[in-house]
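For the record, the sequence lines run as chains P and L. Residue numbers for the first sequence, in the working numbering: 16 to 475. Residue numbers for the second sequence, in the working numbering: 16 to 475. The C-beta atom is built at its ideal place from N, Cα and C for all residues, glycine as well. To start, the structure under review is shown below, and the notes come after it.
2 protein chains.
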Amino acid sequence: MLTTVSHIHEHLGETVELKGWCYNFRSSGKIFFLQLRDGTGRVQVVYSKAELPSGQWDLLDALRLESSVVVTGVVKTEPRAPSGFELAGLSVQVVHLAHEGYPIGKKEHGPEFLLDNRHLWLRAESQWAVQRVRDRIITSTYEWFHENGFIKFDTPILTPTSCEGTTELFEMEYFSEEDKGGQRSAEDGKGRLGKGEPGEDAASAGGKAYLAQSGQLYLEAGIMSLGRAFDFGPVFRAEKSKTRRHLTEFWMMDAEAAFVEHEGNMAIQEALICRIVEDVLKHCAYELKVLERDLEPLKKVQAPFVHLTHEEATKKLRELGSDIGERADLGADDETLLTQHYDRPIFIEKYPAEVKAFYMKRDPDDDTRVLNNDLLAPEGYGEIIGGSQREDDYETLLKRIRDHGLDPEPFDWYLDLRRYGSVPHSGFGYGLERIVAWTCGLHHVRETIPFPRLVNRIHP
Amino acid sequence: MLTTVSHIHEHLGETVELKGWCYNFRSSGKIFFLQLRDGTGRVQVVYSKAELPSGQWDLLDALRLESSVVVTGVVKTEPRAPSGFELAGLSVQVVHLAHEGYPIGKKEHGPEFLLDNRHLWLRAESQWAVQRVRDRIITSTYEWFHENGFIKFDTPILTPTSCEGTTELFEMEYFSEEDKGGQRSAEDGKGRLGKGEPGEDAASAGGKAYLAQSGQLYLEAGIMSLGRAFDFGPVFRAEKSKTRRHLTEFWMMDAEAAFVEHEGNMAIQEALICRIVEDVLKHCAYELKVLERDLEPLKKVQAPFVHLTHEEATKKLRELGSDIGERADLGADDETLLTQHYDRPIFIEKYPAEVKAFYMKRDPDDDTRVLNNDLLAPEGYGEIIGGSQREDDYETLLKRIRDHGLDPEPFDWYLDLRRYGSVPHSGFGYGLERIVAWTCGLHHVRETIPFPRLVNRIHP
């Protein structure tokens, strides 16, 4: 029976067929041990020369790493195996004998070599495990949001203005005047559904487009229709900094909810993060083992999280030896220092308004601070979420835009959300790669995404 | 008790509190009918002047469209209401009295006006319904793939080469030589997790980047690790054509599976599409009613779908009056014509190789054709999926790349997938907006995405 490694426990004592790749092998001359991986897991297939037709043994003997094979064997328990099972091999069929010289071997490779061969490095069990954990985090996120009344709302990547300055934005040409005036194709306006609307070509489109860094402002329009919404897609930062926490292309989840204020916003974040970590522990035990992840710190990720105001956090940091100013934003080093003093994630609330964005609502108890929060992951990982209650008063928001030296005109549609039925609302965004790095215990975010884009890397 | 419209059926006879927006209202002078929408649905709240404190009546009397309110009332059955319920109003609190002159009224607006006000048009019940159906289709897609062993694998948007020509690609600068050689920030290499890798800056990055039109090639690398994988994200086409089926930014789902051949590939597509339509019918009955969608054609979307070879399809089309050539690709008009003759989705298989991409595997029974399929949605909607078995032989693939006049060098990593453990594999991609347009019965894909980007439109 054709099955997968993930299902062999259902076939104890039966003969099964598996299709996959030769991850590793060794031979005593009489016994051949084949490590087979099939995308769902890895299992050892043990062949005995004495019991195999000679042609079959010759195939095994000629195998090369990463060759694709179809094997049959009888499922047996094997307590020493990571899965608890192995196969007594009955046959092997070579689908494709890999070329000689598979580039990635047992020896240690440098990160640049591995990234140059990312398309193959992905097959390493560690990288397989990371992608499986990433998938689990994505799945838990969708599940939690849908269970809690949030609707997926796909905000645009191509945006017409660089709302907050262009220094970290990728810019491109977005069609010429000539293109825009072009003829509609013959298809349109034909067929049963064809109606054809005059005036369709009349709208404006600027000559430049920028790649979005966040969908938040658009999501705020979404919740005025849907109540609660989230987006989840790639965003782009043309940041020149090269750190272990930065990619130029990464996946961001933004969530926004109407009639939710600062405290409720943090409660949503806490519940979501607890769910994600709980699910990863529950569903990715094998993957975390492969990654040699210490589970104890993850098990401590339980509500209630630590809450510090920015004022408390900077005071604490100075006690710990940091030279951070009273009204300064936290740097990565500060975050690292702070997270080493608590075993749960840390909310840091109410930053000075001058270090935060124009759209954050001021704290009614201290007009120089905003109703925002960052959320820091433990073990030195630092910021994984940034969120805030949003300014919902039209006049105040307009003033903030001007105070930040921004042109109100491109924000006209955003201001409309405060002209027509404004409501208290809040939201936050998480960086997927940082959450993957944290849960997997990885040093650098570059291993968390299939094909990382860095300042010096856009290939393969 | 605070609740939402989606839950009022659980509170029959009870007093509930709802937070939302004033979608519409009318008053007899004695009775005030408020249509409240709250993101989860819409309900009528009926206030009697005689039973209300006068200050409350004055608030109602001064209401404007789209004002945000908190109401309380007693839940009653009302057979004429779309939800089956209404509220006997007890109180109203105005959170924000909307400015005068909400731009979108009862009268008919042209599409350009509505698109200019997309951030507000989204609040129209029809647009709310479309986004809810879109969310359902996304959710069903994730669920089906996870139930069937596929892992989400996020393929990159920023790509280094324009594999198949640049005419329809958005192009941008990707950092300068100076940027690439820049200093790492102070953060890196510090802290508990800091190791710092020498040589990290050495890799190459071209000066240009292009926005991806599909993640397929990268996904093929993914399945050699994960077995089965899918991506789901925005893709970009700098197409100048203006038709009801095209956007410049749209969401594409690509799926790929190892050890799956042409027939199995179509079986996956069929099962996925059946699941999506079944779920939309099951979970979005109210939304489809709002959209006045004829449900009968959707109910007929059941396996088995129609299968036609390209040869059969072109023959049929010529019988129906089309002048399509024997070896021509189908145009949109042809698709429309064909779908009007069947009440189920139509697979069209085995196109002439010369009209399809280099990576498609040839049909062993006719080397001039490929093992591909399109899937056409009924009722004139046409192509929603394109898929194929992929060429898995190294030498053949290399030859195809050259025959298509392409430079093999940028495909080196892709060719590696055929050097090391190549397997028969297949995949397909669906266009989310086309599936939303079809299931919702919409004329134009521009209504299917929150903020459509067209040749002439990138705002708001």
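Under 8 Å between beta-carbons, which chain P residues line up against residue i? List them in chain order, please.
i: residue 266 of chain L; result: 169
i: residue 468 of chain L; result: 171, 173
i: residue 231 of chain L; result: Correct list: empty, because the minimum Cβ distance to chain P is about 13 Å.
i: residue 405 of chain L; result: Neighbours of residue 405 of chain L on chain P: none; closest Cβ ~13 Å, over 8 Å.
i: residue 330 of chain L; result: Those within 8 Å of residue 330 of chain L in chain P number zero; the least Cβ separation is about 21 Å.
Measuring CB to CB, does residue i end up less than 8 Å from residue j?
i: residue 267 of chain L; j: residue 444 of chain L; result: yes
i: residue 101 of chain P; j: residue 61 of chain P; result: yes
i: residue 235 of chain P; j: residue 312 of chain P; result: no
i: residue 105 of chain L; j: residue 30 of chain L; result: yes
i: residue 406 of chain P; j: residue 376 of chain P; result: yes
i: residue 53 of chain L; j: residue 28 of chain L; result: no
i: residue 242 of chain P; j: residue 286 of chain P; result: no
i: residue 399 of chain L; j: residue 361 of chain L; result: no
i: residue 359 of chain L; j: residue 239 of chain P; result: no
i: residue 103 of chain P; j: residue 82 of chain P; result: no
i: residue 460 of chain L; j: residue 257 of chain L; result: no
i: residue 291 of chain P; j: residue 155 of chain P; result: yes
Find the residues of chain P that neighbour residue i, judging by a C-beta separation of less than 7 Å, and give them in chain order.
i: residue 16 of chain L; result: Within 7 Å Cβ-Cβ: nothing; residue 16 of chain L doesn't reach chain P, min ~15 Å.
i: residue 150 of chain L; result: 166, 167
i: residue 242 of chain L; result: 53, 54, 55
Taking residue i as part of the beta strand (DSSP E), name the residues at either end of that continuous run.
i: residue 332 of chain L; result: Segment 325-334 is the alpha helix (DSSP H) holding residue 332 of chain L; no beta strand (DSSP E) there.
i: residue 168 of chain P; result: That residue, residue 168 of chain P, is in no beta strand (DSSP E); it is neither H nor E in DSSP.
i: residue 148 of chain L; result: From DSSP, residue 148 of chain L is part of no beta strand (DSSP E) but of the alpha helix (DSSP H) over 140-162.
i: residue 134 of chain P; result: Here residue 134 of chain P belongs to no beta strand (DSSP E); instead the alpha helix (DSSP H) covers 133-136.
i: residue 38 of chain P; result: 30-42
i: residue 223 of chain P; result: 223-226
i: residue 445 of chain L; result: 440-446
i: residue 62 of chain P; result: 57-63
So is residue i buried or exposed if we call it buried at 16+ other beta carbons inside 10 Å?
i: residue 466 of chain P; result: buried
i: residue 356 of chain L; result: exposed
i: residue 404 of chain L; result: buried
i: residue 423 of chain P; result: exposed
i: residue 142 of chain P; result: buried
i: residue 328 of chain P; result: buried
i: residue 351 of chain P; result: buried
i: residue 167 of chain P; result: buried
i: residue 317 of chain L; result: exposed
Output yes if chain P places a C-beta closer than 8 Å to the C-beta of residue i; else output no.
i: residue 357 of chain L; result: no
i: residue 153 of chain L; result: yes
i: residue 215 of chain L; result: Any reading at residue 215 of chain L is ruled out, since the residue's pLDDT is 36, under 50, leaving its predicted position unreliable.
i: residue 199 of chain L; result: Low local confidence applies: a pLDDT of 43 at residue 199 of chain L is under 50, so the model's placement there is unreliable, and no value is given.
i: residue 438 of chain L; result: yes
i: residue 255 of chain L; result: yes
i: residue 449 of chain L; result: no
i: residue 428 of chain L; result: yes
i: residue 431 of chain L; result: yes
Counting only C-beta atoms, is residue i closer than 8 Å to chain L at any point?
i: residue 306 of chain P; result: no
i: residue 474 of chain P; result: yes
i: residue 172 of chain P; result: yes
i: residue 205 of chain P; result: In this prediction, residue 205 of chain P has a pLDDT of 32, which is less than 50 and means its spatial position is unreliable; nothing more can be read from the coordinates.
i: residue 102 of chain P; result: no
i: residue 27 of chain P; result: no
i: residue 186 of chain P; result: yes
i: residue 76 of chain P; result: no
i: residue 111 of chain P; result: yes
The alpha helix (DSSP H) spanning residue i covers which residue range?
i: residue 282 of chain L; result: 277-298
i: residue 83 of chain L; result: It is not in any alpha helix (DSSP H) - residue 83 of chain L instead sits in the beta strand (DSSP E) that spans 83-92.
i: residue 239 of chain P; result: 231-241
i: residue 71 of chain P; result: 69-76
i: residue 105 of chain L; result: Note, residue 105 of chain L: premise wrong, no alpha helix (DSSP H); beta strand (DSSP E) at 100-111.
Could you list which residues in chain L have their beta carbon closer than 7 Å to that of residue i, in chain order?
i: residue 236 of chain P; result: 134, 137
i: residue 239 of chain P; result: 138
i: residue 114 of chain P; result: 434, 435
Find the residues of chain L that neighbour residue i, judging by a C-beta separation of less than 8 Å, and give them in chain order.
i: residue 81 of chain P; result: 435, 436
i: residue 273 of chain P; result: 34, 54
Residue i touches chain L at which residues, Cβ-Cβ below 9 Å?
i: residue 464 of chain P; result: 169, 171
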